[in-house]
Amino acid sequence: MNTTQRSESMNAFFDSFVDSTTTLQEFVMRYEKAVDSRYSKEKKEDFESRYKSRILKLGSKMEHHGASVYTKNIFNIFQHELVKSSQFRRQKVKKTGSCYEYKVSSCFDTRDNFLVHLDLDSRTGNCSCCLFEFQGILCRHLLAIFHFKNIVEIPCQYILRRWTKEANKGCGIYENRPSHEVDDEKSAALRSLHVCRLVNRLSHFAEKSEEIYKVIVGDLDQIYQKVSMMETQVIGIMEKDCGSSQQLMSEVLSEAVESQSHYISLTTNIGDPHVSQTKGRRKGGQESQSGRFKSGLEIALTHTTVKRRSCQICGGYGHNKRSCKGMQNSTNVLPHNVE
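Numbered per the numbering used here, the sequence shown spans residues -9 to 329.
Here's what the structure looks like:
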């Protein structure tokens, strides 16, 4: 797994538990829930890898060997490479003692061709595709050469422990931790996982002989009876502690409510802030009603005084010659020489 794949894998894992609105307190609680779910999933995968049989497509010894050592997911990848290896043809390039060099190419894609080096004495080899160096799983090109050279099992140097069913065997998670940290910090799922690992270690000894099996079963029966008696005592103590803790919690909550109400009464009233314009251009003195900036001529015209219109007859303001009272009075007076 490269750096980008690891980062994306972690992001996808936590996206189902946290989001952008998650507070710090909620993150701590959800993080523990996420870890517990991962441990539960690990137990399920470990059980399926150990006790469920695999569906074989070829039925070869190499496939049987891979199904017996690899976990479920890793075997599916190995099986895919093993099936694809039958689609490749080989061409010998050179030979030096027990060392061979082959050019392996696909029967369907001419671009899929790589060089494979093989030391037949040590049963070691490498391919130019570097799949084993990247993922730790044999590639289809090297498997094709193994089949050609009658290597029917996976060489031990190509079986990485972290991909096998025995990866969790003997992996103690409490050996280097103080006892008080174990009791206080570990969740229920982690304790259950630890017990399952210990029992798995015992199961390997039970396979060896009938006497060891009887000793393990007898001791486990005694442990079961002892734990059952402890469980009833622990449940009674927890019920008493639960009642006292609930009473204490109610007292704490009542005190918190009183202090909160007292604090609210002492605080001053704070009004809403002024509304700020968030969209559009801010209107100023040099902008018109449409929002555009005024030119210099428009600004000069707004500051000039507008000349008021006057009456053409009397020279007054507020009327014209048609509504002028002086004009009306002059028309009503007749001249003296008119008989």
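Every residue gets a Cβ at the ideal spot worked out from N, C-alpha and C, and that includes glycine.
As the structure is a computational prediction, the values presented were derived from the model and not from experiment.
Handout entry: Coarse secondary structure for residue 104, derived from DSSP in three states
Key = strand
Exercise for the section: For the stretch 26 to 64, list the alpha helix (DSSP H) runs that are entirely contained and at least 4 residues long, ordered along the chain. Expected result: 51 to 59
Exercise for the section: Spatial neighbours of residue 104 within its chain, please: CB distance less than 7 Å, with the 5 preceding and 5 following residues excluded, ordered by chain position. Expected result: Once the five neighbours on either side are set aside, the close Cβ partners of residue 104 are 94, 117, 118, 119 and 131.
Exercise for the section: Pull up the CB-CB distance for residue 109 and residue 129, whole angstroms please, since I reckon it's below 8 Å. Expected result: So it is not a contact: roughly 17 Å between Cβ atoms.
Practice task
Please classify residue 111: is it buried, with 16 or more other beta-carbons within 10 angstroms of its beta-carbon, or exposed?
Solution key: exposed
Handout entry: Euclidean distance between Cα positions of residue 285 and residue 298
Key = 25 Å
Handout entry: Cα-Cα separation, residue 1 to residue 122
Key = 26 Å
Exercise for the section: Classify residue 66 as buried or exposed, calling it buried when 16 or more other Cβ atoms lie within 10 Å of its own Cβ. Expected result: exposed
Practice task
Let me know the alpha helix (DSSP H) ranges lying completely inside the stretch 176 to 213, each 4 residues or longer, listed in chain order.
Solution key: Taken in chain order, the complete alpha helix (DSSP H) segments of 4 residues or longer contained in the stretch 176 to 213 are 178 to 196.
Practice task
For residue 41, count neighbouring C-beta atoms within 10 Å of its own C-beta (all shown protein chains included) and say buried if the count is 16 or more, exposed if not.
Solution key: exposed
Practice task
Spatial neighbours of residue 311 within its chain, please: CB distance less than 8 Å, with the 5 preceding and 5 following residues excluded, ordered by chain position.
Solution key: 301, 302, 303 and 317
Handout entry: Helix, strand or coil at residue 142 [DSSP, three-state]
Key = coil
Problem - Start-to-end residues for the alpha helix (DSSP H) that takes in residue 123 - result: 121 to 125
Handout entry: Contacts around residue 314, its chain only, beta-carbon distance under 7 Å, and the 5 residues preceding and following it disregarded
Key = Cβ within range, chain order: 301, 303 and 304.
Exercise for the section: Go to residue 115, then tell me how far its beta strand (DSSP E) extends in each direction, as first and last residue. Expected result: 114 to 117
Practice task
Enumerate in chain order the residues of its own chain whose CB-to-CB distance from residue 99 is below 6 Å, with the five nearest sequence positions on each side excluded.
Solution key: Around residue 99: no qualifying Cβ.
Exercise for the section: Count the other CB atoms, across all protein chains shown, that sit within 10 Å of the CB of residue 45; report buried if there are 16 or more and exposed otherwise. Expected result: exposed
Handout entry: Own chain, CB closer than 8 Å to residue 3, minus 5 neighbours either side, in chain order
Key = 24 and 28
Problem - Whole-angstrom distance between residue 223 and residue 330, CA atom to CA atom - result: Residue 330 lies beyond the stretch modelled for the chain, which goes from -9 to 329, so this question has no answer here.
Exercise for the section: Excluding the 5 residues preceding and the 5 following residue 196 in the sequence, name in chain order all residues of the same chain whose CB lies nearer than 7 Å to its CB. Expected result: For residue 196, where only same-chain residues beyond five positions count, the Cβ hits under 7 Å are 202, 203 and 206.
Exercise for the section: To the nearest angstrom, report how far apart residue 185 and residue 31 are at their CA atoms. Expected result: 16 Å
Handout entry: Check whether residue 143 and residue 52 have beta carbons under 8 Å apart
Key = yes
Exercise for the section: Under 8 Å Cβ to Cβ from residue 73, same chain only, skipping five residues before and after it: list those, please. Expected result: 47 and 48
Practice task
Could you check what DSSP says for residue 74 in three-state terms: helix, strand or coil?
Solution key: helix
Practice task
Indicate whether residue 134 and residue 78 have their beta-carbon atoms separated by less than 8 Å.
Solution key: Their beta carbons are under 8 Å apart, which means residue 134 touches residue 78 by this criterion.
Exercise for the section: Find out if the Cβ-Cβ distance for the pair residue 137, residue 75 is shorter than 8 Å. Expected result: yes
Practice task
Figure out for me which residue from 308, 85 and 154 has the closest Cα to the Cα of residue 35.
Solution key: 154
Exercise for the section: For residue 71, I'd like the list of residues in its chain whose CB is within less than 7 Å of its CB, leaving aside the five on either flank, ordered along the chain. Expected result: Around residue 71: 127, 128, 129, 130 and 133.
Handout entry: Exposed unless 16 or more other CB atoms sit within 10 angstroms - verdict on residue 15
Key = That one is exposed.
Exercise for the section: Count the other C-beta atoms from every protein chain shown that fall within 10 angstroms of the C-beta of residue 213, then say buried if there are 16 or more, exposed otherwise. Expected result: exposed
Problem - Limits of the unbroken beta strand (DSSP E) element including residue 93 - result: 89 to 96
Practice task
Just the C-alpha distance for residue 91 and residue 113, rounded to the nearest angstrom, thanks.
Solution key: 13 Å
Exercise for the section: Please report how far the alpha carbon of residue 38 lies from the alpha carbon of residue 62, in whole angstroms. Expected result: Roughly 7 Å between the two C-alpha positions.
Problem - Close beta carbons around residue 83, own chain, < 8 Å, minus the five adjacent residues each side - result: 91, 92, 93 and 105
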